[in-house]
Amino acid sequence: MSMLSVRNVRASFGGFLALDDVSLELKKGELLGLIGTNGAGKSTLFSVITGYIPKRAGSVDFLGENIDGLSVHKRVQRGLARTFQVPREFSQLTVFDNMMTAVPNACGELLFSIFFQAREVRRQQAENADKVSELLAFLNLSRVADVPAGKLSGGQKKLLELGRLLMLEPHCILLDEPFAGVNPVLIQEISERIVALNSKGMTVLVIEHNLDELSRLTPRMYVMDRGRILAEGAPDDVLRREEVREAYMGGVI
Amino acid sequence: MEAYFIAIAIAILIYLLLALGLSLHYGFAGLVNFGHVGFFAIGSYTSALLALNGVPIPLAMLAAVFLTAVSAYPMGIIALRLGSDYLAIVTLGFSETIRYMLQTEEWLTRGMHGLPGIPRMFDGMVPSDQIDFWILIALLAANAVALYLLLKVIKSPFGRVIEAIRDNEVAVRALGKDPARFKTRTLVLGAALAGLAGSFQAHYLTFLSPDQFVPLITFYIWIAIFIGGINRLSGIVIGTIILIGFLEGSRFVSDMVGGISEVQMASVRIWIIGMALILIVLYRPQGILTRENSRSKAL
Chain A
4 MSMLSVRNVR ASFGGFLALD DVSLELKKGE LLGLIGTNGA GKSTLFSVIT GYIPKRAGSV
64 DFLGENIDGL SVHKRVQRGL ARTFQVPREF SQLTVFDNMM TAVPNACGEL LFSIFFQARE
124 VRRQQAENAD KVSELLAFLN LSRVADVPAG KLSGGQKKLL ELGRLLMLEP HCILLDEPFA
184 GVNPVLIQEI SERIVALNSK GMTVLVIEHN LDELSRLTPR MYVMDRGRIL AEGAPDDVLR
244 REEVREAYMG GVI
Chain B
795 MEAYFIAIAI AILIYLLLAL GLSLHYGFAG LVNFGHVGFF AIGSYTSALL ALNGVPIPLA
855 MLAAVFLTAV SAYPMGIIAL RLGSDYLAIV TLGFSETIRY MLQTEEWLTR GMHGLPGIPR
915 MFDGMVPSDQ IDFWILIALL AANAVALYLL LKVIKSPFGR VIEAIRDNEV AVRALGKDPA
975 RFKTRTLVLG AALAGLAGSF QAHYLTFLSP DQFVPLITFY IWIAIFIGGI NRLSGIVIGT
1035 IILIGFLEGS RFVSDMVGGI SEVQMASVRI WIIGMALILI VLYRPQGILT RENSRSKAL
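Each protein sequence line maps, in turn, to chains A and B.
So the number in my numbering is just where the residue sits in the first sequence, counting from 1, plus 3.
So the number in my numbering is just where the residue sits in the second sequence, counting from 1, plus 794.
Okay, here's the thing in structure tokens:
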């Protein structure tokens, strides 16, 4: 069963064709990798899938339904969530509040409820606080719960972003370079969390340019180069192909 | 002397209502509103015109708050699709448009002649020499209620989302929330406070003219919230007291110290404010009462 299906997508910035006829299939429950050099179009593809950047042609289906007409937040509400290459934490809010912000449809987001359903707001807050504590423990962030997110290390911010996504209880998460700028210990930790989530049934698509990490993490991957999909398959097979080695390593290896 | 202090206190409290609204806009939601005085003007004129046409003052004030809030709504829809720098220009344009309308729509506002004889608050209810005192009490109550409501809003999940928008709007969208919805509501709420301030102004001064609503007023409010700390409510209170206390109090100084003309004093006043602002931005960019990155200290 298909979770996400991208067909013949084109996108351009000015005259530059950033995505050239890109197609990609992500199955339900899969842990899929997307690899490519800088500028290959990986993040652009994410942005097209999630609705941040308009595309010129092609279509994106999510859970069997076309989502081309939906705004960014509507796509997230359907269960398609993403992180960013450069972490986008709410820097002045604490880690705990960063997580609480993610709660979908919280009753206290309505001004009316704040004043006239105060009890219900409090009840929900308490319930969500428990969920946040649980997730922070899972992500090993409990110690920094009360620290402003802006003061976290790069790796902790990546974990926090992952945590915020999990608060949404999405069907599918797109992770944009979860290991970039992260120290080796945390890379290991983030890796383990991703695998743990996937084994619980979460569908995951990971962008990475770190070959080693990704080939260890995902059983199947796509390779992108200059806006096109170059190859698809198991890491070992894919990396053995001539055109991939040519594009990715300049033919050195 | 006592009357003079009451007058200063009233000025401070009217500005405080304005500053609390702007703090919600900028300090908490990051909305660069350079047109706050426009909401102030709408509130003032609405309340004044209604009262002049026989509507009881409390009702006129209520209507003023409501209409000001409503006036912020369409601006929200237009402006909130824009980045913060564009929002600044749109809001400034908005407030100037309002001022020009007050000048030119003479059939309604009497233009530059101004609106005289606006019914005074508490007129006939208390002895006339106590009216100012009671207006002061009413303003204190209004500010207390405004502070309480703001604090509640800021500490709620709604408040958390607008602070998240201030910190990173793109990420808020990535969490499935529509920032425009929250920003519109924030604009409306802050504008309502400015409308309330305006209606107090109308029924206290009993005379309104368009030149009371120049952009300088907006920037005074900005200075007030910068002095105290943009997102700490106690800072807003202190900043407003310092700024307006100084602006109004310095008139008093020029009366006492001979040899300084009113014009010279006005220049000195602006000079001191400018200097103070530069020093604060240099040495205390977060304001006098810094809020150390924690929602637990919104007050």
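Heads up, the beta-carbon is just placed ideally off N, CA and C, and yes, glycines get one too.
Own chain, CB closer than 6 Å to residue i, minus 5 neighbours either side, in chain order
i	result
isoleucine 52(A)	Val63
leucine 37(A)	Lys45, Ile210, Tyr225
serine 218(A)	Pro238
leucine 29(A)	Met6, Leu7, Leu35, Leu208
threonine 885(B)	Asn827, Phe828, Gly829
alanine 835(B)	Ile892, Phe1007
Nearest neighbour of residue i, chosen from the options [CA to CA]
i	options	result
glycine 166(A)	Lys203(A), Thr86(A), Gln128(A)	Thr86(A)
glutamate 68(A)	Met6(A), Val135(A), Gly153(A)	Met6(A)
valine 188(A)	Ser156(A), Ala199(A), Lys203(A)	Ser156(A)
glycine 1068(B)	Phe1013(B), Asn827(B), Leu990(B), Thr891(B)	Phe1013(B)
glycine 18(A)	Arg59(A), Glu123(A), Gly82(A), Glu211(A)	Arg59(A)
isoleucine 937(B)	Ala986(B), Tyr839(B), Leu846(B)	In the sequence on display, residue 937(B) carries asparagine and not isoleucine. The shortest C-alpha separation from asparagine 937(B) is found at Ala986(B).
serine 50(A)	Glu195(A), Leu83(A), Gln159(A)	Leu83(A)
alanine 988(B)	Leu811(B), Met795(B), Leu846(B)	Leu811(B)
phenylalanine 93(A)	Glu112(A), Glu164(A), Leu34(A), Met4(A)	Glu164(A)
proline 173(A)	Val106(A), Phe16(A), Ala129(A), Ala250(A)	Val106(A)
aspartate 179(A)	Ser194(A), Ala14(A), Val89(A), Ser15(A)	Val89(A)
leucine 969(B)	Arg979(B), Ala958(B), Thr978(B)	Ala958(B)
threonine 47(A)	Ala21(A), Gly158(A), Asp71(A), Cys175(A)	Ala21(A)
glycine 61(A)	Arg78(A), Ala43(A), Ser15(A), Asn41(A)	Ser15(A)
glutamate 890(B)	Glu963(B), Phe833(B), Leu876(B)	Phe833(B)
alanine 813(B)	Ile1011(B), Arg1078(B), Val947(B)	Ile1011(B)
phenylalanine 292(A)	Tyr894(B), Leu934(B), Ile808(B), Leu943(B)	Outside the displayed span of chain A (4 to 256) sits residue 292(A), for which this structure offers no information.
asparagine 41(A)	Gly230(A), Glu195(A), Arg244(A)	Gly230(A)
glycine 153(A)	Val124(A), Gln95(A), Ile176(A)	Gln95(A)
Cβ shell of residue i (< 8 Å), same chain only, five flanking positions each side left out
i	result
aspartate 149(A)	Thr97, Val98, Phe99
glycine 236(A)	Arg223, Met224
leucine 262(A)	The structure shown has nothing for residue 262(A), since chain A only spans 4 to 256.
leucine 73(A)	Gly54, Arg81
isoleucine 256(A)	Its pLDDT being 46, under 50, isoleucine 256(A) is placed unreliably in this model, and the coordinates cannot settle the point.
alanine 845(B)	Ile851, Ala854, Ile912, Pro913, Ala996, His997
asparagine 1087(B)	Bear in mind that a pLDDT of 49 at asparagine 1087(B), under 50, signals an unreliable position, so the number given afterwards is only what the model happens to contain. There are no such residues.
asparagine 11(A)	Asp24, Val25, Ser26, Ala60, Gly61, Ser62
glycine 887(B)	Gly829
methionine 227(A)	Val25, Leu37, Ile38, Gly39, Ala43, Gly44, Lys45, Leu48, Leu233
Neighbourhood of residue i by C-beta, 7 Å cutoff - its chain only, sequence neighbours within 5 removed
i	result
aspartate 133(A)	none
glycine 32(A)	Gly204, Thr206
leucine 1002(B)	Ser838, Tyr839, Ala842, Gly908, Leu909, Ile912, Ala996
alanine 803(B)	Leu930
glycine 254(A)	Interpretation of glycine 254(A) is limited by its pLDDT of 49, a score under 50 that renders its predicted location unreliable; the figure taken from the coordinates is listed afterwards. The answer, listed in chain order, is Arg248.
phenylalanine 182(A)	Ile190, Ile193, Glu211, Asn213, Glu216
Short CB-CB distance (under 8 Å) between residue i and chain E
i	result
phenylalanine 952(B)	Chain labels in this structure do not include chain E; the protein chains are A and B.
Sheet register partners of residue i (DSSP bridge)
i	result
aspartate 64(A)	Ser8(A), Asn69(A)
glutamate 211(A)	Ile38(A)
cysteine 110(A)	According to DSSP, which records beta bridges pairwise, cysteine 110(A) is partnered with nothing at all.
threonine 97(A)	Pro151(A)
phenylalanine 19(A)	Phe16(A)
valine 25(A)	Val12(A)
aspartate 917(B)	Val920(B)
isoleucine 176(A)	Ala84(A), Val207(A)
leucine 242(A)	DSSP lists no partner for leucine 242(A).
glutamine 217(A)	What sits at residue 217(A) in the sequence shown is leucine, not glutamine. Partner(s): none; leucine 217(A) has no beta bridge.
leucine 1002(B)	Leu909(B)
lysine 30(A)	Ser5(A)
The beta strand (DSSP E) enclosing residue i, as first and last residue numbers
i	result
arginine 223(A)	223–228
alanine 84(A)	83–85
arginine 231(A)	231–236
Where the alpha helix (DSSP H) containing residue i begins and where it ends
i	result
glycine 908(B)	Taken as a continuous stretch (DSSP letters only), glycine 908(B) belongs to no alpha helix (DSSP H), as it is neither H nor E.
isoleucine 929(B)	925–949
phenylalanine 799(B)	796–816
proline 1009(B)	1009–1022
alanine 1103(B)	Residue 1103(B) lies beyond the stretch modelled for chain B, which goes from 795 to 1093, so this question has no answer here.
lysine 971(B)	From DSSP, lysine 971(B) is part of no alpha helix (DSSP H); its letter is neither H nor E.
isoleucine 892(B)	878–898
methionine 170(A)	157–170
histidine 830(B)	830–846
histidine 76(A)	75–80
threonine 47(A)	45–53
arginine 122(A)	121–141
Quiz prompt | Every unbroken beta strand (DSSP E) inside the region 179–207 of chain A [3 residues or more] | solution = none
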